[in-house]
Structures are given as structure tokens and as C-alpha cells.
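> Chains A and B supply the protein sequences, listed in that same order. One gets the working numbering by counting positions in the first sequence from 1 and adding 87 to each. One gets the working numbering by counting positions in the second sequence from 1 and adding 150 to each. Cβ atoms here follow ideal geometry from the backbone N, Cα and C, with glycine treated the same way. A quick note: this is a predicted structure, and the numbers were derived from the prediction, not measured.
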Amino acid sequence: MSAQTVGVFGLGRRTLLAVLLGLQLLITGCATVGAGGDPRDPWEGYNRQVWRFNEAVDEAVLLPVARGYRAVVPQFLQTGVSNFFGNLSDVWSFANNVLQLKPVESAQTLARVGLNSTVGLLGFVDVASSVNLLRHREDFGQTLGRWGMPSGPYLVLPLLGPSTLRDTAALPVERMGDLVGTVADTPTRAGLTGLRLLDLRSGAIDAGRLLNEAALDRYTFVRDSHLQRRRGVGDRPKVAAEPEERYDLPQTSPPAR
Amino acid sequence: MNRRLWLDFLRGTAAAFLALGALGVHAQEAPDQLIRRLSAEVFETIKNDKDVQAGDMRKIVSFVDLKIMPHVNFTRMTASAVGRNWRQATPEQQKRLQEEFKGLLVRTYSGALTQVKDQSVSVKPLRANPADAEVIVRSEIIGRGDPIQLDYRMEKTPSGWRIYDLNVLGVWLVETYRTQFAQEISARGIDGLIATLAERNKAAGAVSAKKG
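1) Of the residues A/D213, A/T269, A/L104, which one's Cα is nearest the Cα of A/N170?
2) Going by the C-beta, is B/N317 closer than 8 Å to any heavy atom of the ligand FAD?
3) A/L298 and A/V309 - do their beta-carbons sit closer together than 9 Å?
4) Taking A/P249 as the reference, give the member of A/E331, A/R135, A/L104 with the closest Cα.
5) Check the Cβ of A/A302 against every Cβ in chain B and list those closer than 8 Å, keeping chain order.
6) With distances taken from CA atoms, which of A/R318, A/D125, A/E142, A/L287 is nearest A/L244?
7) What are the residues in the stretch 140 to 174 of chain A lying within 9 Å of chain B by C-beta distance?
8) Between B/I286 and B/A278, is the Cβ-Cβ spacing less than 9 Å?
9) For a contact defined as C-beta to C-beta under 8 Å, what are the partners of B/P297 on chain A?
10) So which residues of chain A does B/A354 contact, with C-beta pairs closer than 9 Å?
11) In chain D, what lies closer than 7 Å to A/L297 by C-beta?
12) May I ask you to verify whether the stretch 263 to 270 of chain B touches the stretch 193 to 210 of chain B, counting CB pairs closer than 8 Å and requiring at least 3?
13) By a C-beta neighbour count over all protein chains shown, 10 Å radius and 16 as the cutoff for buried, is A/N174 buried or exposed?
14) Flag this pair as yes or no: are the beta carbons of A/S289 and A/R157 separated by less than 9 Å?
15) For the beta strand (DSSP E) that contains B/D301, what are its first and last residues?
16) Rounded to whole angstroms, what is the Cα-Cα separation between A/G264 and A/Q195?
17) Could you tell me which whole beta strand (DSSP E) segments of length 3 or greater appear in the stretch 258 to 328 of chain A?
18) Just to confirm, is the Cβ distance from A/T307 to B/Q330 under 9 Å?
19) Rounded C-beta distance between B/S289 and B/D301? I'm assuming under 8 Å.
20) At 7 Å on the CB atoms, spell out the chain B contacts of A/R316, in chain order.
21) Would a check of beta-carbon distances place A/D322 closer than 9 Å to chain B?
22) If we count the other Cβ atoms within 10 Å of its Cβ and call it buried at 16 or more, is B/Q374 buried or exposed?
23) In terms of alpha-carbon separation, which member of A/P259, A/L285, A/T255 lies closest to A/L149?
24) Buried or exposed: which applies to A/V120, given that a residue is buried once 16 or more other Cβ atoms fall within 10 Å of its Cβ?
25) Should B/Q244 and B/D341 be called a contact, given that it needs their Cβ atoms to be closer than 9 Å?
26) What does A/S312 touch in chain B if you count any residue whose Cβ is under 7 Å from its own?
27) Anyone know if the C-beta pair for A/L246 and A/V144 falls short of 9 Å?
28) A/T307 touches chain B at which residues, Cβ-Cβ below 8 Å?
29) From B/K274 to A/D125, what does the alpha carbon distance come to, in whole angstroms?
30) Does any C-beta atom of chain A lie closer than 9 Å to the C-beta of B/E191?
31) Does DSSP classify A/T251 as helix, strand or coil?
32) Give the interface partners of A/Y241 over in chain B, defined as CB-CB distance under 7 Å, in chain order.
33) What is the residue span of the beta strand (DSSP E) that B/Y314 lies within?
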């Protein structure tokens with residue numbers, strides 16, 4: 088198999104297309120805005136179903152393996168793996184910082200990659216952070232957002248999780264920027280992809296626990312957090328927002344009838 | 151006659167100096183300076199306390215309650231999150247909403263703090279007009295992987311600057327809880343929301359008591 092058929096998270100290109108096509112059909116079939124529905128989530132019915140599916144798969148498969156990884160693998164190795172993949176992602180972040188015309192962040196990210204790949208032993212040691220060269224993570228969805236493309240409706244992807252219409256459209260480009268996808272040897276590529284997934288999931292275990300404590304409804308909490316985080320220039324309201332109403336202060340005007 | 155005037159003048163000056171001195175003592179600490187000081191205190195305490203490092207929630211909860219809560223305008227935070235329904239609530243309900251929401255936030259925030267190992271906080275210089283009564287103070291938790299964004303919305307009150315909203319990783323708390331609360335209220339009313347929050351606080355309290 089050539090590098091062409093490698094997709095995001097190990098999904099083949101044809102599989103990815105099939106998934107997206109299936110989504111398209113489901114979305115048009117289930118497009119309803121409920122009476123109390125959030126205007127940013129017109130496909131809530133569909134999204135909640137996929138969300139439940141993802142949660143089930145996560146609880147059954149991903150979380151136990153991630154917990155095992157965390158418990159068994161020595162901390163310095165876990166950190167090394169995390170730094171290694173972080174370094175690969177910094178290369179793509181550099182490209183996106185350039186595309187977003189951010190000179191300071193671009194220069195710092197380039198310096199990060201240079202330093203970590205050499206002194207940091209191919210990225211296993213994050214030397215750059217210790218000299219205050221902090222990470223400026225950027226992806227193509229954010230680049231599109233910076234140039235004015237609105238996020239679009241909330242969309243939960245099967246297995247891939249929370250996304251937006253804009254970020255989903257950016258996935259093919261994301262795939263191009265994924266260095267793991269350029270590895271020719273299939274077993275190695277699959278192994279690296281799996282390891283990266285494990286690294287991501289184990290890193291999110293504590294966040295998951297906090298989420299359970301903080302949220303009354305996990306679905307809406309994750310949705311609202313995700314949409315806030317992915318907000319870009321294109322999502323700014325066209326009309327200046329009214330000053331927020333102060334419910335804790337006595338009403339200044341008579342209540343509307 | 152001159153001596154009298156001179157004494158009055160001295161007394162007046164002394165009083166003026168005393169008044170100025172009192173003002174100096176109550177001079178408002180700048181909002182970013184306040185955050186810098188509080189963050190440093192919190193992180194120092196967490197990193198040096200063995201019980202907290204082991205996950206003892208009760209200690210960190212009482213610390214947050216004692217040191218941080220006085221600088222938070224919790225009424226505004228709760229009212230903002232509850233929204234329009236706040237005006238429909240009775241004073242008793244408002245009081246309970248505030249208590250339970252505070253319990254939820256203190257617990258969650260403390261839980262996040264127990265995971266601090268060797269990070270530090272970097273508070274960015276304030277970019278606001280000196281006359282602004284509401285500002286955003288931006289800070290970052292650095293030291294491990296991606297820096298964690300931590301911003302505060304603060305308002306000027308006679309007793310100092312107070313926090314009325316918190317942003318973690320790009321997510322404003324009040325905005326997020328608005329939806330959570332609205333959903334709960336439309337399903338089970340204000341009393342339903344209070345009951346849900348109280349239930350969770352009690353359950354979590356029982357768990358941490360068992361652990362600690």
C-alpha cells in the first residue's frame with residue numbers, strides 16, 4: 088500500500104470518503120432544529136447518536152487500553168512519545184502559522200522544530216519549552232477560520248469525535264500535513280498511528296474525569312467548549328453585541344410585557 | 151491669636167496626612183498584580199503540600215475557599231449563568247443556587263489544581279485603559295506540553311478587583327454553564343436545577359471523604 092491510501096487515524100482514503108458520504112446522507116436525513124434547539128447545532132439528533140456511539144467505543148476499547156498504557160509504561164517513555172509526536176505536529180503548526188501570517192509564532196515554531204529535532208534527539212526531549220519557546224499549535228481548520236471562514240454547524244464524526252463543518256472539510260488537507268502518513272512501511276505506519284492515538288487518549292484521561300465532575304450534560308458541555316475553542320475571525324458577530332444584561336443588579340428598565 | 155491659627159493648621163494637616171495614609175493602605179491592587187500574587191500563592195501551596203500532591207481534595211478545597219473566593223463576585227457569576235430565570239427565582243432559591251454552584255466550581259477547580267506538578271503561571275501585562283471598570287487578565291500555565299490558557303474577567307469594586315468569569319483553554323465558564331443551566335431549568339425548573347447541583351456536590355463530597 089502506498090502512502091496515498093493512508094488517512095487520518097489509519098482510515099484508508101476510500102474508507103474516509105465513504106464515512107463522509109454516509110455522514111452527508113445522514114445529515115440531510117436528520118436535519119431538524121428542535122423547538123429549543125441551539126442554532127449552532129442543527130443536527131443535534133444525529134450528533135447525539137454518534138456521540139453515544141463514540142462514548143461506547145471509548146469506554147469499551149480505548150479507555151481501558153489507555154489506562155493500561157499509563158499504568159505500565161514508564162513516565163519518561165510516555166513523555167518521550169508525547170514530545171516526539173508533538174514535534175511532528177509542530178512542523179504542520181509551522182506551515183499553518185505561516186499561512187496565517189504570524190511571523191513571531193512562525194519563527195518560534197521553526198526554532199522549536201530545529202532545536203527539538205537535533206538537541207532534543209528527534210523530538211523525544213522537549214528542549215525548546217525549557218528555553219521558553221512555547222508551542223503555538225495551529226491546524227488548517229484554524230487557518231481557514233483566520234481567513235474568515237465561519238465554523239459552521241457542530242458535527243460529531245464517528246470515532247474522530249467533535250468537529251465543525253469547516254474543520255471536517257479541512258480534514259483532507261490535515262491528512263496531507265500528517266508526517267506519519269509519509270512512512271512507506273505499512274506495519275510501522277499503523278504502529279505509529281496507534282501509538283499516537285494512545286498518547287492522545289492517555290493524555291486526556293484527567294480531562295475526562297474533570298469533565299464528568301464539571302458537566303451536568305456531557306454532550307452539551309463538550310459541544311459548547313469545542314465551539315468556543317474553534318471560534319475564529321469568521322465567527323465574530325456581524326453586528327456589535329449588546330452589553331450583557333446584569334441579572335444580579337436590579338432592573339433598570341420596566342420588564343417587557 | 152496667631153498661635154490658635156497655627157495649632158488649627160497643624161491639626162488640619164495632621165488629619166489630612168492621616169486620611170491620605172488610610173487611602174494609601176486601601177489603594178487598589180492592580181488586577182493583573184492581584185492575579186499574579188494569587189496564582190503564585192496557590193501554586194506554591196500546591197507544590198509544597200504533600201497531602202495535596204497525593205490527591206487530598208479537602209485541603210485544597212479549604213485553601214481555595216479561604217484564599218481565592220474572597221476575590222470572586224459569585225453572585226454576578228451565578229446570576230449570569232442562570233440568566234433570565236434569576237429574576238424569577240426567590241431570594242431563598244438564589245441563595246441556594248449560589249451555594250451549590252460555588253460548591254461545584256470550587257470542587258472542579260480544586261480537582262484541576264491537584265494535577266499541578268511542576269508548572270508555573272505567567273501573567274501577561276494588562277492591556278486596558280486605566281479608567282476601565284471591567285478588564286480581562288490573561289495568563290498561561292506553562293511547563294508541560296502545550297501552555298494552558300487561563301483568563302479572568304474582572305470588575306472594579308470599592309473593596310478591590312473581583313473575578314466574575316473564568317476562561318480555561320479558550321472556554322468561558324459562564325457562557326458554558328448558561329446552556330447547562332438553561333437545559334436543566336427547562337426540564338425540571340429552578341428547584342430541579344438546585345436539586346441536581348446539590349446531589350452532585352453531595353455525591354462528590356462522599357467520594358473524596360472516602361479517599362481522603
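According to the structure shown:
1) A/D213
2) As far as ligands go, the structure on display features none, and thus does not contain the ligand FAD.
3) yes
4) A/R135
5) Q330
6) A/E142
7) T166, S169, N170, G173
8) yes
9) L221, R222
10) E300
11) Judged by its chain identifiers, the structure shown contains no chain D, and its protein chains are A and B.
12) yes
13) buried
14) yes
15) 298 to 307
16) 19 Å
17) none
18) yes
19) 7 Å
20) L319, G320, V321
21) no
22) Outside the shown range of chain B, which is 151 to 362, sits residue 374 of chain B, and nothing can be said about it.
23) A/L285
24) Annotation note: pLDDT 49 at A/V120 (below 50); position unreliable, no value reported.
25) no
26) V321, T326
27) yes
28) T329, Q330, Q333
29) 34 Å
30) no
31) strand
32) What A/Y241 touches in chain B: nothing, since even the nearest Cβ is about 12 Å away.
33) 310 to 318
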